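Each remark here refers to the structure printed beneath this line.
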Amino acid sequence: MSALDDLRGFTVADLKACPPGTGARVAIVDTGVDEEVLGEGAAARSFAVAATGLLSTVERVAPGDVGHHGSSVASIVRALAPEAELHSVRLVDALGRGSAAALRTALEFCVREGYDVVNLSLGTRRRELLLDVYDLVDRAAVDGVVLVAATDNAGTPDYPAACAALLGVDRASADDPFYLGFRGGHRVSFLARGVDVEVWARGGGRARVSGSSFACPHVAAFAARLKAARRGLHPFEVKTALSAAATRA
């Protein structure tokens, strides 16, 4: 039996048996992540897109979340893959303002850094950026970086979630945090728990949230568990294993 045949027989039970993200580097591209969620060594793993004239660069910054969204997203990965090494890549400024160009810069950084998994609970419909987005998604696939992206909550696929080379995720109502659905023939093919999800809230509390943004990190955590179990897995192989384990929706 080939390695790919083995992955085609992958199940949710196999996923639960994988290491809890041990050794996997997961980037959260979002509004930033608070130090409490990032964990030990957070200062060395916090970055932000910074505009320099007409150009954008990525610089190391102090841990923090300017919009609370990124920390909530990261807390889901932390819950399902607790031993993964989380990194924060903030693509909005101190006022919470972002841009399609910042998304491109953040993606370029993540591919260049060679993260195991990148969570993108965001997207764009700016058509002038689509060629760059497709190119970066393809580069990630070739370089072994697993991109996981949330689609728009209104039901209209946006980018990069609609790119077939990555794992596009929409929300579903489910009690099991390991629920995974797959719908063939859709550009955004994966479904994960994204309704009434408990997440971290500032001050150490908990909150309940809904949306594809919060379904996405479930799948990112699953990918981190797979990469922890089999370090050499290609993004296509991760997608093959997860689609095999998923319930047909």
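For the sequence shown, the positions run 3 to 251 when our numbering is used. Quick reminder that beta carbons are idealized off the backbone N, C-alpha and C, glycines included. Since this is a predicted model, take the numbers as computed values, not measurements.
- Proximity of the stretch 21-37 to the stretch 79-88 meets the contact definition, three or more beta-carbon pairs being nearer than 8 Å.
- Taking 8 Å as the cut-off, the beta carbon of residue 166 is found no closer than this to the beta carbon of residue 153.
- Rounded to whole angstroms, the separation of the alpha carbons of residue 209 and residue 140 is 36 Å.
- In terms of CA proximity to residue 158, 189 leads the group 189, 147 and 137.
- Between the alpha carbons of residue 161 and residue 207 lies a gap of roughly 32 Å.
- Going by DSSP, residue 72 is part of the alpha helix (DSSP H) stretching over 71-82.
- Beta-bridge analysis with DSSP links residue 59 to 52.
- Of all C-beta pairs linking the stretch 229-236 to the stretch 88-97, fewer than three are shorter than 8 Å, placing the two stretches out of contact.
- Within the stretch 170-215, the complete beta strand (DSSP E) segments at least 3 residues long are 182-184, 192-195, 199-203 and 207-211, listed from N- to C-terminus.
- Annotation for residue 199: 211 and 216 place their beta carbon closer than 6 Å to its own, counting only its chain and skipping 5 residues before and after.
- Bridge pairing for residue 88: 28 [DSSP].
- Beta bridge pairing from DSSP links residue 126 with 161.
- Comparing alpha carbon positions, the residue from 22, 98 and 73 closest to residue 44 is 73.
- For residue 152, the secondary structure class from DSSP, reduced to helix, strand or coil, is strand.
- Bridge partners of residue 67 according to DSSP: 34.
- In summary, residue 113 is buried, with 16 or more beta-carbon neighbours lying within 10 Å of its beta-carbon over all protein chains present.
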